[in-house]
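One point on numbering: in numbering that gives the first Met the number 0, the residue at position 471 of the sequence shown is 470, and numbering is uninterrupted.
Glycine is no exception: its CB is placed at the ideal position from the N, C-alpha and C atoms.
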Amino acid sequence: MLDEEILPYGRSKAKITIAALKRISSNPQGKLIVVTAISPTPAGEGKTVTSIGLGDGLRHIGKNAVICIREPSLGPVFGVKGGAAGGGKAQAYPSDELNLHFTGDFHAITAAHNLLMAMIEAHIQHGNACGFASHGVLWGRVLDVADRSLRQCITGIGGKSNGTPRETGFAITAASEVMALVSLSTSLANLKQRLGEIVVGVTNAGDPIRARDLNAVGAMALLLRDALLPNLIQTLEGTPVVVHMGPFGNIATGCNSVLADDLALSMADYVVTEAGFGADLGFEKFCHILAPALGRGPDAVVVVATVRGVKAHSGKFKLSAGKPLPPELGQEDLDALRLGSVNLQKHIKNVMSFGLPVVVAVNRFPTDTENELNELLRLAREFGAVDAAISEGFARGSVGTASLAEAVVRACGANEAQFKPLYTSDMGLMDKITTIATGVYGAADVNYGPGTKTKLRQTEKWGYGHLPICFAKTQYSFSHDPSLLGAPTGFTLPVVEVQLASGAGFVRVLCGDIMTMPGLPATPAAFRMDVTDEGEIVGVL
């Protein structure tokens, strides 16, 4: 990067200008490695640790590598996770700043989203020239704090001067269409075009009202100008890390930005990018939503697994988020490992269905036994992975991920990817839903709740039938039910709500009891956080 292409934010982080991307766009592109995982469990799989460790490991074996990860939301930081910068010796630096506000991108998303809502309310208050129907406002509000009490609320009470009383609600900022929209934008002009396409309401005649109809695009783009620029930090070992955007994988696209990946691909021979949660969520969305915007697919995929995570999918252990793990999970149990390995097998099969080579990274924990590790490596290869390796980035840094890095390099070189999405844009929306529900999730059928088929037909009538599907469902199971562990089959997937995200360029389908605004647990991570009198941050992992 040239000096003028770097915009410093303090001493240890910076933004990279669009001019830099334009300048290096003609460089040969590197290999793209997408890191995903088995269905997560409260035991924790360490996907970000593995992503960062793999990037360091690639540099350790002499490869030019760049890592791309998402920005953490304050919801999970103060809720369950407590941070998303990796950990141990496989960590992005500065981790505290990354987890707390960072460069203000999330706040810009929140402000732009809520500005649009404020302009809608003002438009209706001052005559409603666009003709919003009485219940025709489709846009809501967002906040980057997990607050269940805001999921449903009423605004505009207190008289005519306070606006129109309206039942509405808040989602978390990571679920905002603006967040996904920015992550998929390829330029400032493309950002403005996408902002203008946002459908915010409907008229009495059933016609869509868009953000451009409210003259909101310019002001929103102004708020998002700097947020569009990718952020640059590094690992503890000095590997470049491009951090940008933070859509959740269970309710949004689950991937960092197109600009971040594109920038990294023009800078490095190997790019490690992360897709949120399991291969049934973030990775599937990478293939159907992000890859078309990026203009290419992955060269290889790393599926992260852990001995205790695989054993948890056996159903023999009772695990609860935020509570201590049962001691027996840390004891050798090859039967539980083999029983739970069906989850890993299904994820490997799903990735292979896209025509991509799979490497399984077994993220090692201190309680793992050699018998369990060797058996999991054997099972991974038996299930179709081109290779499998132990990953010890947390404890040993790049030395502990060198064998994984070598396996990934071999997979990229010896197994040419034949990337192919599972559905095409000309398929109907319900056909796309069925394809993923039955093929990726293992469902036997799809049940559409009241009004959902009507919404899908309306979306197609408006000219958006070509868009991909963005599923919102639990991350803990292939199904909609978090208690169905392993690789369940024969279930019916319930579609409970359909939301058009025309600016982002997808149709969101909510399945089961999924929430777009999480709540804090009984013992949130916030309990252990503090700042000393000297200003030192405590308790943010």
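query, result
"Beta-carbon proximity check, serine 397 vs alanine 388, cutoff 8 Å", "no"
"Where isoleucine 250 falls: helix, strand or coil (DSSP)", "coil"
"Length at least 3, wholly inside the region 136 to 183: the beta strand (DSSP E) runs in chain order", "140 to 142, 152 to 154, 165 to 167 and 169 to 171"
"Under 8 Å between C-beta atoms of valine 361 and glycine 29", "no"
"Neighbourhood of glutamate 273 by C-beta distance below 6 Å, restricted to the same chain and skipping five residues each side", "Val34, Ser50 and Ile68"
"Close Cβ partners of alanine 267 (< 6 Å) along its chain, the five nearest in sequence each way excluded", "Gly29, Asn63, Ala64 and Val65"
"Buried or exposed (CB count within 10 angstroms, at least 16 for buried), aspartate 260", "buried"
"When Ser256, Tyr440, Ser160 and Lys317 are compared against aspartate 480, the one with the closest alpha-carbon", "Tyr440"
"Candidates Phe285, Gly462, Ser476 and Arg58: closest to arginine 295 by CA position", "Phe285"
"Beta-carbon proximity check, alanine 299 vs leucine 355, cutoff 8 Å", "yes"
"The region 483 to 490 / the region 136 to 147 touching (three or more Cβ pairs under 8 Å)", "no"
"Bridge partner(s) assigned by DSSP for leucine 231", "Ala13 and Val241"
"Supposed contact pair isoleucine 347 and glycine 383 - C-beta distance, whole angstroms, cut 8 Å", "5 Å"
"Integer-rounded CB distance, given that valine 537 should sit under 8 Å from glycine 82", "The Cβ separation is near 12 Å, so there is no contact."
"Option nearest alanine 526 by Cα separation, candidates Pro7, Ile5, Pro71 and Val79", "It is worth fixing the name first, because residue 526 is phenylalanine in this sequence and not alanine. Nearest option by C-alpha distance: Val79."
"Closer than 7 Å: threonine 35 CB and nearest the ligand HEM heavy atom", "Of the ligands one can find in the structure shown there are none, so the ligand HEM has no counterpart to examine."
"Enclosing beta strand (DSSP E) for aspartate 386 [first to last residue]", "386 to 390"
"Beta-carbon spacing of glycine 399, glutamate 391 below 8 Å", "yes"
"Cβ contact (3+ pairs, closer than 8 Å) linking the region 210 to 224 and the region 174 to 193", "yes"
"Pick from Ala107, Arg58, Arg507 and Ala121 that is closest to valine 494, judged by C-alpha positions", "Arg507"
"Backbone CA spacing between valine 301 and leucine 375 [nearest angstrom]", "15 Å"
"Expected contact under 8 Å - CB spacing of valine 306 and aspartate 367 to nearest Å", "4 Å"
"Backbone CA spacing between phenylalanine 105 and serine 182 [nearest angstrom]", "12 Å"
"Arginine 507 - containing beta strand (DSSP E), residue span", "505 to 510"
"Inter-residue Cα distance where the pair is methionine 178 and isoleucine 232", "21 Å"
"Reduced DSSP category for phenylalanine 526 - H, G, I as helix; E, B as strand; rest coil", "helix"
"Where cysteine 411 sits in the DSSP three-state scheme", "helix"
"Neighbour flag for tyrosine 422 against chain B, beta carbons, 8 Å", "Included in the structure is just one protein chain, with no chain B present."
"The alpha helix (DSSP H) enclosing glutamine 90, as first and last residue numbers", "Taken as a continuous stretch (DSSP letters only), glutamine 90 belongs to no alpha helix (DSSP H), being part of the beta strand (DSSP E) at 89 to 92."
"Simplified DSSP assignment, three categories, for glutamine 474", "coil"
"Limits of the unbroken beta strand (DSSP E) element including threonine 305", "Per DSSP, threonine 305 belongs to no beta strand (DSSP E) and is neither H nor E."
"Valine 136 vs isoleucine 119 beta-carbon contact at 8 Å", "yes"
"Alanine 442 to arginine 10 span [Cα, whole Å]", "50 Å"
"Sequence-distant residues of the same chain with beta carbon closer than 8 Å to isoleucine 208, five excluded per side", "Cys129, Gly130, Phe131, Gly135, Val198, Val199, Gly200, Val201 and Thr202"
"C-beta atoms of alanine 311 and leucine 293 nearer than 8 Å", "no"
"Beta strand (DSSP E) runs wholly inside the region 262 to 288, at least 3 long, in chain order", "269 to 273"
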